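Q: Residue numbers for the sequence shown follow our numbering, so the first one is 202 and each next one is one higher. First the structure, then my questions, so here it is.
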Amino acid sequence: MTRGYSLEQDLKLLINNPKYSDLEILCENEKKLYGCRAILAARSEVFERLLYNGMKESYENQISFPKINSAGMETVLEYTYTGSIKEEFLTKDNMIESFYAADYFQLPDLQDFIMKVFKNTLKKNLTENYSPELLSKFAEKMPLTEDNVLLNLLVEAVAIIPLNTIEFGRLSILNIFYLVHMKKK
Numbered sequence: 202m203t204r205g206y207s208l209e210q211d212l213k214l215l216i217n218n219p220k221y222s223d224l225e226i227l228c229e230n231e232k233k234l235y236g237c238r239a240i241l242a243a244r245s246e247v248f249e250r251l252l253y254n255g256m257k258e259s260y261e262n263q264i265s266f267p268k269i270n271s272a273g274m275e276t277v278l279e280y281t282y283t284g285s286i287k288e289e290f291l292t293k294d295n296m297i298e299s300f301y302a303a304d305y306f307q308l309p310d311l312q313d314f315i316m317k318v319f320k321n322t323l324k325k326n327l328t329e330n331y332s333p334e335l336l337s338k339f340a341e342k343m344p345l346t347e348d349n350v351l352l353n354l355l356v357e358a359v360a361i362i363p364l365n366t367i368e369f370g371r372l373s374i375l376n377i378f379y380l381v382h383m384k385k386k
């Protein structure tokens with residue numbers, strides 16, 4: 202495709218591209234990604250505060266996010282550069298990490314999109330409900346608070362599955378306790 206035809210396509214060329222980046226992003230799983238601090242700061246107040254605060258992050262070309270997986274960071278990069286992500290980009294393997302990263306960088310529209318994709322996935326895949334695994338991943342990554350919308354969606358999705366049909370290991374003990382606690386209310 203010819204450059205200059207589509208802003209979104211042109212910006213996609215910049216995503217995780219060391220040639221056009223002035224920032225190395227180190228993730229939890231030790232994967233290195235690349236970003237442009239001006240774009241990141243313009244699209245996220247969290248990046249703005251991190252990268253232009255007068256502290257060492259303002260001057261160094263590397264920033265570390267020890268609690269953010271590269272899959273979640275890749276989702277954030279795609280979204281911050283283009284303003285959207287494709288539904289098929291989100292899978293059961295990266296959905297929780299992406300939601301966590303969107304929460305960390307205070308990107309509520311991205312969080313809403315992830316929840317919408319989760320709901321659509323549940324509707325499409327009634328026979329293969331992977332909510333127990335997602336709930337277990339969620340518990341590892343984020344605090345179990347009643348005001349978290351994705352957590353509530355996960356609990357509702359797991360609650361409709363008879364517990365004796367959930368294979369061992371798909372749902373952590375912590376999640377079973379939380380599930381019982383939430384359903385008592």
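Glycine included, each C-beta is placed from N, C-alpha and C at the ideal position. Just so you know, these numbers come straight off a predicted model, no measurement behind them.
1) With a Cβ-Cβ cutoff of 8 Å, do S332 and A303 count as a contact?
2) Consult DSSP for F306 and reduce its assignment to one of helix, strand or coil.
3) Taking DSSP as the reference, what is the three-state secondary structure of Y331?
4) Let me know the secondary structure DSSP gives I240 once reduced to three states.
5) For L291 and V318, I'd like the C-alpha separation in whole angstroms.
6) If we ignore side chains and look at the alpha-carbon of each, how far apart do L241 and E249 end up?
7) At 3 residues or longer, what runs of the beta strand (DSSP E) sit wholly inside the segment 250–285?
8) Near S222, which residues of its chain fall below 8 Å by C-beta distance, leaving aside the five closest residues on each side in sequence?
9) Would the beta-carbon of F339 fall within 8 Å of that of L355?
10) Does S259 pass the burial test, meaning 16 or more other C-beta atoms within 10 Å, or should it be called exposed?
11) What residue from Y253, Y280 and A239 has the CA that sits closest to E209's CA?
12) Leaving out the 5 sequence neighbours to the left and right, which residues in its chain are closer than 8 Å to N217 when beta-carbon positions are compared?
13) Looking at the structure shown, is L224 part of a helix, part of a strand, or coil, going by DSSP?
A: Here's the rundown:
1) no
2) coil
3) coil
4) helix
5) 8 Å
6) 7 Å
7) 263–266
8) L215, Y235, G236 and C237
9) yes
10) exposed
11) Y280
12) L234, Y235, G236, E275 and L278
13) strand
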